[in-house]
Amino acid sequence: MKNSSAIAREFMARGKCEACPVVDMHGHYGAYRVMYFPRPYAEGMLATMDRCGVSCIVCSSHTGLVDAGRGNAEMARVIEEHPGRFLGYRVVNPNYPEQAAEEVGRFSREAGFVGFKFHPDGHTYPITGERYVPALEYAAEHKLLVLTHTWGDSQYDNPTMFGEVAAKHPGVTLLMGHSAYGKWDDALAVARDHDNVYLELTAAYEIGGIIERMVREVGSRKIVFGTDLPWFDPHYGIGAICFSRITDEDRHDILHRNAERLLEPFVAGGRRAR
Amino acid sequence: MEWFDCHAGFGVPVKSPGGVIASAQELVEELDFCGVAEGLVYHASVVEQGPEVGNQRVVEETEGEPRLHATWAMLPAQTGELGTMEQFLAGMREHGVRALRAYPEQHRYLLNGVTFGPLLEELTGRRIPLLVGPDWKGITSLLAEFPELTLIVVRHGSWGDDRYFRPLLERYRNLHVDTSNYQIDHGIEDVVRKYGPERLLYGSGSPELQMGAALLTTAQADIDDDAKAAIAGGNLRRLLAEVKL
Numbered sequence: 012m013k014n015s016s017a018i019a020r021e022f023m024a025r026g027k028c029e030a031c032p033v034v035d036m037h038g039h040y041g042a043y044r045v046m047y048f049p050r051p052y053a054e055g056m057l058a059t060m061d062r063c064g065v066s067c068i069v070c071s072s073h074t075g076l077v078d079a080g081r082g083n084a085e086m087a088r089v090i091e092e093h094p095g096r097f098l099g100y101r102v103v104n105p106n107y108p109e110q111a112a113e114e115v116g117r118f119s120r121e122a123g124f125v126g127f128k129f130h131p132d133g134h135t136y137p138i139t140g141e142r143y144v145p146a147l148e149y150a151a152e153h154k155l156l157v158l159t160h161t162w163g164d165s166q167y168d169n170p171t172m173f174g175e176v177a178a179k180h181p182g183v184t185l186l187m188g189h190s191a192y193g194k195w196d197d198a199l200a201v202a203r204d205h206d207n208v209y210l211e212l213t214a215a216y217e218i219g220g221i222i223e224r225m226v227r228e229v230g231s232r233k234i235v236f237g238t239d240l241p242w243f244d245p246h247y248g249i250g251a252i253c254f255s256r257i258t259d260e261d262r263h264d265i266l267h268r269n270a271e272r273l274l275e276p277f278v279a280g281g282r283r284a285r
Numbered sequence: 335m336e337w338f339d340c341h342a343g344f345g346v347p348v349k350s351p352g353g354v355i356a357s358a359q360e361l362v363e364e365l366d367f368c369g370v371a372e373g374l375v376y377h378a379s380v381v382e383q384g385p386e387v388g389n390q391r392v393v394e395e396t397e398g399e400p401r402l403h404a405t406w407a408m409l410p411a412q413t414g415e416l417g418t419m420e421q422f423l424a425g426m427r428e429h430g431v432r433a434l435r436a437y438p439e440q441h442r443y444l445l446n447g448v449t450f451g452p453l454l455e456e457l458t459g460r461r462i463p464l465l466v467g468p469d470w471k472g473i474t475s476l477l478a479e480f481p482e483l484t485l486i487v488v489r490h491g492s493w494g495d496d497r498y499f500r501p502l503l504e505r506y507r508n509l510h511v512d513t514s515n516y517q518i519d520h521g522i523e524d525v526v527r528k529y530g531p532e533r534l535l536y537g538s539g540s541p542e543l544q545m546g547a548a549l550l551t552t553a554q555a556d557i558d559d560d561a562k563a564a565i566a567g568g569n570l571r572r573l574l575a576e577v578k579l
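Sequences listed follow chains A and B, in order. The working numbering runs 11 ahead of the 1-based position in the first sequence. The working numbering runs 334 ahead of the 1-based position in the second sequence.
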């Protein structure tokens, strides 16, 4: 092959790259109704992570999407059992505001959580809605991350709505899950215009040429890698990045450096990614 | 490993969110960049304008590129746009077209025996592969009518379609699926373990999908080398060798 990237060549040869570990900023955990997962639990996920050179993954439990309290507790157990490999987002379900407030109140860095996970489409509640505000204000006060599902044509979490939230809460670091798949012009404009917004690549990486465009128009320092694991084989997204016409410096930024910078405040106490 | 991409295209589309592979030469350059030896290809105009134009362009524009193998798309013979069935098959013979594609949604027809009975009988008898997208209800009906048809379903996923296609893999021995958008973690390994490596074909889905994505997934699948070589290109070469034009 004519791709001269040292990172691409090592991934093709070995499945992982010693000099370029991968940090996955968008994971899940457990079974979920929408599809068959061959390996949805910790043992299988860790086998995949080891095979692909993924040092650490930040997850929200699938259970948490339908039952936040139970799912967040499950995620805490997984993090505890696999220190350094799993970190977590606490799921906030805005349809039950009292429970959502409890989940915000239970947030603990010490338990390996780094912020909150919103899924406006799944919960059919707009990302701009008032019920997300307590979590956003808490995240701003405590300098936490918020990963939110976004989709281009959604009525709950399209990039325009995401941009409104980013503008109202400049103190919150917002990860635009799936980079608002499909409405690329708007998504890239939001990421470019707001310092607190990062493009997150799960599923978006599949689109031919989109990574080059993101790097060109937004810059590789504002893009983080994710896979929805146990949904998607990390090699799929890594392959897309390896064979995009970008530099190895860009690949380092996307695959691990940006994530390491974002996670640094949360892993300094001993939970550092392996 | 001799990679043979079963699902790649070139030509300038009406709109592209990212990259464009404008010409056959650019596609060859992309194959070289990724280390892929050959491609079973279509021209973008076949989808967006139609087979009358696209079938001709893919043949003309891949001439002199022996690593690119042209595919044609079909239309109902009743409207006569591509001539009679006999003329269509003669054209395939003349130009060495060894596989067909069908776009029932984009070209507005029903892919079934009522519409295509004689042609589908010919494809079955001549073992000409037919590549289609993942309309699983339509595919289930089609295979019930033509159980021996060599069918390759491309770009299924990215949400796992396993609950749709695994029952069909069990029942129809000539059904295959590509890997272009089969992103599910441990999916390739699981399918190979249950159904063998013969039913999977490497495809990139390029330029709509990033060519390297399925490439690395397939290259690093946790399966033995023989199985990997079959998926990478061996299966497609075998299928095309079986074609009796």
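Glycine included, C-beta positions come from ideal geometry on N, C-alpha and C. In this text the structure is predicted, and so the values were computed from the model without any measurement.
When the Cβ atoms of the stretch 525-532 of chain B are set against those of the stretch 251-259 of chain A, are three or more pairs found closer than 8 Å? With a cut-off of 8 Å, the stretch 251-259 of chain A and the stretch 525-532 of chain B do not count as touching, because too few Cβ pairs lie within range.
With 8 Å set as the bound, which would you pick, yes or no: does the beta-carbon of Ala436 of chain B sit closer than that to a beta-carbon of chain C? Of the protein chains in the structure, A and B, none is chain C.
Which value, in whole angstroms, describes the spacing of the CA atoms of Arg96 of chain A and Ser538 of chain B? Computed Cα separation, rounded: 31 Å.
Three-state secondary structure (DSSP) at Trp406 of chain B? Three-state result, Trp406 of chain B: strand.
DSSP-derived helix/strand/coil call for Val488 of chain B: Of the three classes helix, strand and coil, the one that applies to Val488 of chain B here is coil, per DSSP.
Check whether Gly343 of chain B and Val375 of chain B have beta carbons under 8 Å apart: Taking 8 Å as the cut-off, the beta carbon of Gly343 of chain B is found closer than this to the beta carbon of Val375 of chain B.
Compute the minimum distance between the beta carbon of Leu534 of chain B and the heavy atoms of the ligand SAM, and state whether it is under 7 Å. In terms of ligand content, the structure shown is empty, and the ligand SAM therefore cannot be addressed.
Under 8 Å Cβ to Cβ from Arg285 of chain A, same chain only, skipping five residues before and after it: list those, please. Reliability of the predicted coordinates at Arg285 of chain A is poor, the pLDDT of 41 falling under 50, and no value is obtained from them.
For Gly533 of chain B, is the classification buried or exposed, using 16 other Cβ atoms within 10 angstroms of its Cβ as the cut-off for buried? Before going further, note that residue 533 of chain B is Arg rather than Gly in the sequence given. With at least 16 other beta carbons inside 10 angstroms of its own, Arg533 of chain B counts as buried.
Helix or strand or just coil, what does DSSP make of Ile337 of chain B? The sequence shown places Trp at residue 337 of chain B, not Ile. Looking at Trp337 of chain B - three-state DSSP - the assignment turns out to be coil, as it is neither helix nor strand.
Chain B contacts from the stretch 32-44 of chain A (Cβ-Cβ distance under 9 Å): Per Cβ criterion, the list is empty.
Just curious, the alpha helix (DSSP H) that Ile18 of chain A is in, first and last residue? 17-25 is the span of the alpha helix (DSSP H), which, as asked, contains Ile18 of chain A.
So which residues on chain A does Ser540 of chain B lean against when the C-beta distance must stay under 8 Å? The contacting residues are Gly219.
At which residue ranges does the stretch 98-165 of chain A contain complete beta strand (DSSP E) runs of 3 or more residues, listed in the order of the chain? You should have 124-129, 156-162.
From Val34 of chain A to Asp264 of chain A, what distance separates their C-alpha atoms? Take the alpha-carbon of Val34 of chain A and the one of Asp264 of chain A: they are about 10 Å apart.
Leaving out the 5 sequence neighbours to the left and right, which residues in its chain are closer than 6 Å to Glu29 of chain A when beta-carbon positions are compared? Excluding residues within five positions, none has a Cβ falling inside 6 Å.
State the Cα-Cα distance for the pair Trp195 of chain A and Pro351 of chain B, rounded to the nearest angstrom. Whole-angstrom Cα-Cα distance: 7 Å.
Taking Cβ-Cβ distances shorter than 9 Å, what residues in chain A pair up with His520 of chain B? Within chain A, the residues placing a beta-carbon under 9 Å from that of His520 of chain B are Phe48, Pro49, Arg50, Gly55, Ala58, Thr59, Pro241, Asp244, ordered along the chain.
Can you confirm whether Arg497 of chain B, when its beta carbon is compared against all beta carbons of chain A, has any partner nearer than 8 Å? For Arg497 of chain B, the answer is yes, since a Cβ of chain A falls inside 8 Å of its Cβ.
Nearest-angstrom Cα separation, counted from Val346 of chain B out to Gly398 of chain B: Within the model, the alpha-carbon separation for Gly398 of chain B versus Val346 of chain B is close to 20 Å.
Checking 8 Å against the spacing of the C-beta atoms, do Leu509 of chain B and Leu476 of chain B come in under that value? In this structure, Leu509 of chain B keeps its C-beta atom at 8 Å or more from the C-beta atom of Leu476 of chain B.
How about Ile249 of chain A: is its C-beta nearer than 8 Å to some C-beta of chain B? So, interface residue.
Separation of Ile462 of chain B from Thr474 of chain B, as counted between CA atoms: Pairing Thr474 of chain B with Ile462 of chain B, the inter-Cα distance amounts to about 19 Å.
Which chain B residues are close to Val187 of chain A, counting only those with a beta carbon under 9 Å from its beta carbon? Contrary to the premise, residue 187 of chain A reads as Met rather than Val in this sequence. None at all; the shortest Cβ gap to chain B is about 16 Å.
Opening and closing residue of the beta strand (DSSP E) in which Ala9 of chain A lies: In the structure as shown, chain A starts at 12 and stops at 285, and residue 9 of chain A therefore has no counterpart that could be examined.
Within 10 angstroms of the Cβ of Gln517 of chain B, are there 16 or more other Cβ atoms? Answer buried if so, exposed if not. The residue in question, Gln517 of chain B, is buried, as its Cβ has 16 or more Cβ neighbours within 10 Å.
Just checking, does the stretch 101-110 of chain A make contact with the stretch 71-81 of chain A on the three C-beta pairs under 8 Å criterion? The answer is yes - the stretch 71-81 of chain A touches the stretch 101-110 of chain A, with three or more Cβ pairs under 8 Å.
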